Structure formats: C-alpha cells, structure tokens
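Peer 1: Each number in full-length UniProt numbering comes from the position in the sequence shown (counting from 1) with 662 added on. Here's a structure for you.
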Amino acid sequence: AKADLAGAICYYEPRMDEAARARRALVQDIWSAVERKEFELVYQVQKSVRSGETTGFEALLRWNHPERGRISPLTFIPLAEECGAILRIGEWVLRSACAEAAAWDEPHRVAVNISPAQIAHADLVPLIQRVLEETGLQPSRLELEITESAIMSDRRQTLEFLHALAGIGVSVALDDFGTGYSSLDTLRSFPFSKIKLDRAFITEIETSDQAMAIIRAILALGRSLGIPVLAEGVETRSQLAILRTEDCDEVQGYLLGRPRKPIFAVAS
Ligand code: C2E
Ligand code: CA
Ligand code: CA
Ligand code: CA
Numbered sequence: 663a664k665a666d667l668a669g670a671i672c673y674y675e676p677r678m679d680e681a682a683r684a685r686r687a688l689v690q691d692i693w694s695a696v697e698r699k700e701f702e703l704v705y706q707v708q709k710s711v712r713s714g715e716t717t718g719f720e721a722l723l724r725w726n727h728p729e730r731g732r733i734s735p736l737t738f739i740p741l742a743e744e745c746g747a748i749l750r751i752g753e754w755v756l757r758s759a760c761a762e763a764a765a766w767d768e769p770h771r772v773a774v775n776i777s778p779a780q781i782a783h784a785d786l787v788p789l790i791q792r793v794l795e796e797t798g799l800q801p802s803r804l805e806l807e808i809t810e811s812a813i814m815s816d817r818r819q820t821l822e823f824l825h826a827l828a829g830i831g832v833s834v835a836l837d838d839f840g841t842g843y844s845s846l847d848t849l850r851s852f853p854f855s856k857i858k859l860d861r862a863f864i865t866e867i868e869t870s871d872q873a874m875a876i877i878r879a880i881l882a883l884g885r886s887l888g889i890p891v892l893a894e895g896v897e898t899r900s901q902l903a904i905l906r907t908e909d910c911d912e913v914q915g916y917l918l919g920r921p922r923k924p925i926f927a928v929a930s
C-alpha cells in the first residue's frame with residue numbers, strides 16, 4: 663500500500679525532468695526515514711513580552727538524510743502530505759515531542775505542529791490520549807498548532823475535534839494567522855488558546871504601513887476575544903520594541919532563540 667501511494671503521486675514518465683526524479687526519490691526515502699531514525703526534533707523558545715518569561719517551546723522537525731544532509735521541512739512536509747507519509751511522521755513527532763518534554767528538567771509547555779491530513783484521517787484524539795498516557799506528559803503541557811487550511815475542509819469535524827481536546831486538557835493554537843484563508847469567523851467559532859501571527863507581517867513591521875495596520879487589527883481582535891497573540895519570526899530588537907509598544911502578548915523568533923535541543927533536556 664505504501665508503494666502504491668508513493669507511486670501514485672510520482673508516476674514514471676519518460677520525459678520526467680531532473681527535479682521530478684529527485685522528488686520521486688525523496689518520496690521513496692520518506693517512507694523509511696522513521697525506521698532509520700533519520701528524523702529529529704529541535705525546539706524554539708516562546709516568551710512573554712511583558713515578563714520575559716518562557717511560555718513554551720515549539721517542536722520543529724528535521725530530516726537528516728544520509729546522502730542529502732539536513733532537508734528543510736518546507737521541502738519534505740508537502741511531499742509527505744501528498745504521499746500520505748505525514749500520518750506516520752506526525753505520529754512519530756507527537757510521540758517524540760511528548761516523550762522528550764516529559765523528560766525535561768523544566769516543565770515547559772511543548773507545541774506540536776499538526777497537518778490537516780492528521781485531523782482529517784487519523785483517529786487523532788485517541789492517539790493523543792494514548793501518547794499522553796504512555797509518556798506521562800501532563801495534558802496541560804501539550805499544545806497543538808493547526809493552520810486554517812485544516813479547518814476549511816470540515817468545520818463540524820474540526821469543532822468536535824477541538825471540543826474533544828479541550829475535554830482532555832490539551833490546548834490548540836491557530837498557526838500562521840493572517841495568511842491564506844484567515845477569517846474572523848474562524849476565531850469566533852473555535853476555542854483557540856492562542857493566535858500565532860505569521861512571520862510575513864513581522865518581517866515588514868518597520869517598512870509597510872499595511873503590515874503594521876494588520877498587526878494592530880489582529881492584536882485588537884485577540885484582545886476583544888480574550889485570546890493571546892504570539893508574533894512569529896521576531897529577528898531584531900526594534901521589531902520586539904514595536905511589538906512591546908503594541909502590547910503583543912508573546913514572541914518567538916531568532917532574536918529570542920534558534921530552534922535547538924534545549925539545555926535543560928536530559929541527555930538520553
Ligand atoms: P511554522 O510552523 O510556521 O514554524 C516556524 C518556522 O519559522 C520554523 O521553520 C522556524 O525555524 C522558522 N523561524 C523561527 N523564527 C524565525 C526567524 O526569526 N526568522 C526566520 N526567517 N525564520 C524563523 P522550519 O523549522 O523550517 O519549519 C517550517 C515549517 O515546516 C513550519 O512552519 C511548519 O509549517 C512545518 N513543520 C515543521 N515541523 C513540523 C512538524 O513536526 N509537523 C508538521 N506537520 N509540520 C512541521
Ligand atoms: Ca507552527
Ligand atoms: Ca507559524
Ligand atoms: Ca509559517
């Protein structure tokens with residue numbers, strides 16, 4: 663079934679160009695990467711703007727390919743989504759992030775990215791419950807990050823999913839807000855614990871009045887709905903200063919810390 667799925671999206675064509683050939687080879691490698699232990703998680707700190715305290719860590723996936731070296735998730739996540747391997751990889755990410763966080767010396771929250779396909783196809787809530795039991799991680803220490811594309815497909819299913827998670831004490835952040843199909847209705851209709859303002863706006867915070875206007879609007883929206891807003895991709899002190907002036911709740915980005923293995927992680 664694996665071979666069929668992988669083959670179905672990258673079928674052979676005589677005139678297939680080099681890029682398509684490389685893609686196809688990568689898709690075949692994805693299926694075996696979990697067993698070969700080629701994946702790894704790094705963690706990026708999230709901080710409160712007001713207190714400077716750490717509020718959590720986002721788990722980010724890395725693929726150490728034996729021949730190609732480290733491959734960016736921006737390259738392989740879309741491929742894994744197309745060929746179906748994302749379900750298997752996503753389960754590995756969830757289990758590994760919970761197990762690693764449970765072993766940390768400091769009880770910080772860990773945020774895990776969830777692909778739309780995981781919500782649509784897998785029995786995700788029972789899986790999460792099982793993983794929490796297996797790893798002993800407190801449910802309140804787990805936060806899932808989902809994008810609006812996961813919601814667009816099936817609103818009722820999404821609502822059931824979010825309520826089930828709230829029932830077991832797991833929170834959900836709305837990722838990459840402001841891009842794609844962002845709608846105010848989404849925020850009003852679903853119980854999100856956090857809004858993650860997309861990096862694209864922060865990048866332009868000093869150069870674009872439009873970006874600044876959108877940031878202000880989203881911060882105001884978060885305040886009126888009582889949902890904290892986290893700004894992604896903060897790289898400079900001046901960006902942080904503006905976000906502080908605008909009363910943004912949390913920040914994440916290279917200025918605060920690069921994704922890495924946390925120093926308080928217990929060496930296994
Ligand atoms: P994302 O969820 O928006 O994650 C944030 C990305 O921004 C990460 O890229 C992070 O390294 C990068 N970043 C953080 N701070 C800065 C900054 O100050 N400047 C710049 N230029 N970039 C910054 P990364 O790790 O390459 O991940 C890219 C995307 O891949 C993620 O975007 C997410 O959509 C996806 N991804 C990563 N790990 C997973 C995973 O475990 N599961 C799923 N489904 N997707 C994942
Ligand atoms: Ca994310
Ligand atoms: Ca994001
Ligand atoms: Ca993003």
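Think of the CB as a built atom: it goes at the ideal place given N, C-alpha and C, for glycine as much as any other residue. Values in this document were obtained by computation on a predicted structure and should not be read as measured data.
What is the rounded straight-line gap between the Cα of I889 and the Cα of H727?
Peer 2: The alpha-carbon atoms of I889 and H727 are separated by roughly 39 Å.
Peer 1: So V711 and F719 are supposed to be a Cβ contact under 8 Å. How far apart are they, rounded?
Peer 2: With 8 Å as the limit, V711 and F719 do not qualify as a contact, their Cβ atoms being about 17 Å apart.
Peer 1: Whole angstroms are fine: how far does the CA of A879 sit from the CA of A695?
Peer 2: Cα to Cα, A695 sits roughly 42 Å from A879.
Peer 1: With DSSP run on the structure shown, which of helix, strand or coil describes P924?
Peer 2: The answer is coil: DSSP assigns P924 none of H, G, I, E or B.
Peer 1: Kindly provide the chain-ordered list of residues whose Cβ lies closer than 6 Å to any non-hydrogen atom of ligand 2.
Peer 2: With the cut-off at 6 Å, the residues found are E720, N775, E807 and D837.
Peer 1: Is R803 buried or exposed, if buried means 16 or more other CB atoms sit within 10 Å of its CB?
Peer 2: Buried is the call here.
Peer 1: Indicate, with yes or no, if ligand 1 has a heavy atom lying under 7 Å from the CB of R861.
Peer 2: Flag set: Cβ of R861 near ligand 1.
Peer 1: From which residue to which residue does the alpha helix (DSSP H) around E762 run?
Peer 2: That run of the alpha helix (DSSP H) goes I748 to A765.
Peer 1: What residue range does the alpha helix (DSSP H) around H825 cover?
Peer 2: Unbroken alpha helix (DSSP H) run through H825: R817 to I830.
Peer 1: For T770, which residues does DSSP report across the bridge?
Peer 2: Position check: residue 770 holds His in this sequence, whereas Thr was assumed. The partner list for H770 (beta bridge, DSSP) is empty, contrary to what the question assumes.
Peer 1: Could you tell me if A668 is buried or exposed, where buried requires 16 or more neighbouring beta carbons within 10 angstroms of its beta carbon?
Peer 2: Caution is warranted here: a pLDDT of 48 is assigned to A668, below 50, making its placement in the model unreliable, and the coordinate value is therefore given only provisionally. That one is buried.
Peer 1: Between the Cα of L881 and the Cα atoms of P769, L905 and Y705, which residue gives the shortest distance?
Peer 2: Minimum Cα distance to L881 is reached at L905.
Peer 1: Which same chain residues end up closer than 8 Å to P769 when comparing Cβ atoms and leaving out the 5 residues on each side of it in sequence?
Peer 2: The residues are Q800 and R803.
Peer 1: Put A668 into one of helix, strand or coil per three-state DSSP.
Peer 2: Because the pLDDT of A668 is 48, which lies under 50, any placement of that residue in the model is unreliable, and the question is left without a value.
Peer 1: Is S811 close to ligand 1? I mean its beta-carbon at under 7 Å from any heavy atom of the ligand.
Peer 2: No, the beta carbon of S811 sits no closer than 7 Å to any heavy atom of ligand 1.
Peer 1: Start and end of the beta strand (DSSP E) containing A893?
Peer 2: Where A893 is concerned, the enclosing beta strand (DSSP E) stretches over V891 to A893.
Peer 1: Let me know the secondary structure DSSP gives T716 once reduced to three states.
Peer 2: Residue state, collapsed to three classes: strand.
Peer 1: Do I864 and G884 have their beta-carbon atoms positioned less than 8 Å apart in this structure?
Peer 2: No. Outside cutoff.
Peer 1: Could you name the residues of the same chain whose beta carbon sits closer than 8 Å to that of K923, not counting the 5 residues immediately before and after it, in chain order?
Peer 2: Correct list, in chain order: V704 and Y705.
Peer 1: Output the boundary residues of the alpha helix (DSSP H) element that contains V787.
Peer 2: It spans L786 to T797 - the alpha helix (DSSP H) in which V787 sits, taken as one unbroken run.
Peer 1: If you run the structure through DSSP and keep just helix, strand and coil, what is residue 999?
Peer 2: What the structure shows of the chain is the stretch from 663 to 930, and residue 999 is not part of that stretch, so it cannot be assessed.
Peer 1: For K699, count neighbouring Cβ atoms within 10 angstroms of its own Cβ and tell me buried if that reaches 16, exposed if not.
Peer 2: Exposed, by the Cβ-count rule.
Peer 1: Along the chain, where does the alpha helix (DSSP H) that runs through V711 open and close?
Peer 2: Segment: none, V711 is in no alpha helix (DSSP H) and carries neither H nor E.
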